[in-house]
Amino acid sequence: MEGIKDNWATGVGFGNFQKAYQIYERGGMIFRQYVNHAHNEYLEIAFEGGIPAILLMVGYFALLFAALARVRRDPLQKAAFLSVSFLLIHSLVDYPLRTEALAMTFAYMNAIIFHKGFAERLGRKSEMIEIDHNGDKLLVPIGSSS
116 MEGIKDNWAT
126 GVGFGNFQKA
136 YQIYERGGMI
146 FRQYVNHAHN
156 EYLEIAFEGG
166 IPAILLMVGY
176 FALLFAALAR
186 VRRDPLQKAA
196 FLSVSFLLIH
206 SLVDYPLRTE
216 ALAMTFAYMN
226 AIIFHKGFAE
236 RLGRKSEMIE
246 IDHNGDKLLV
256 PIGSSS
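The following block contains the structure:
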């Protein structure tokens, strides 16, 4: 927290956590192991990126919660929102998004959440016509595919 206060304007620079943290580390905290990341993704991003990074995080959370009202109609988007939420909650106590597989999952789930086509497709009424096919009656959707 002290490091964030001292570097609030621009942060210490992304990728510099390990070296910058040593400046603020108390003597009683030094052991044989060294700290390479904070076990709170948000604090590390704030430490490395300062106010610009904090504003981007706040903006992302605002967009995410605004999307929550829209995704309530689509089960796939709801599942993606839950997946992203679990990763964001886990980021409070660890750094899961530093793992490539979880970072790609996070990006993919965000793409599903913010995709506009799902809501448009649900809002469109599908018209059906009945056709005769080899003596069977089939319902076939009609309408534009755009």
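Numbering (the working numbering), first residue to last: 116 to 261.
Just so you know, even glycine gets a beta-carbon here, dropped at the ideal spot from N, CA and C.
| Query | Result |
| --- | --- |
| Residue nearest to ALA226 in terms of C-alpha spacing, selected from TYR157, VAL186, GLU159, PHE129 | VAL186 |
| Extent of the continuous beta strand (DSSP E) run through PRO82 | A query on residue 82 cannot be resolved here, the shown segment of the chain reaching from 116 to 261 and no further. |
| Proximal residues to MET243 (C-beta, below 8 angstroms), its chain only, five neighbours per side dropped | LEU254, VAL255, PRO256, ILE257 |
| Paired residues, beta bridge with ILE244 - DSSP | VAL255 |
| Helix, strand or coil at SER198 [DSSP, three-state] | helix |
| C-alpha distance - ARG213 paired with ARG188, whole-angstrom precision | 31 angstroms |
| Buried or exposed (CB count within 10 angstroms, at least 16 for buried), GLU156 | buried |
| Host alpha helix (DSSP H) of PRO211 (start-end) | Counting along the chain, PRO211 falls outside any alpha helix (DSSP H), and DSSP gives it neither H nor E. |
| DSSP state of ARG185 mapped onto helix, strand, coil | helix |
| Expected contact under 8 angstroms - CB spacing of PHE196 and ILE228 to nearest Å | 6 angstroms |
| Alpha-carbon to alpha-carbon, LEU171 and LYS193 | 23 angstroms |
| Three-state secondary structure assigned by DSSP to ASN225 | helix |
| Spatial distance of PHE221 from HIS205 (CA atoms) | 12 angstroms |
| Contacts around LEU183, its chain only, beta-carbon distance under 7 angstroms, and the 5 residues preceding and following it disregarded | PHE196 |
| Per-residue burial, MET219 [other beta carbons within 10 Å of its own, 16 or more giving buried] | exposed |
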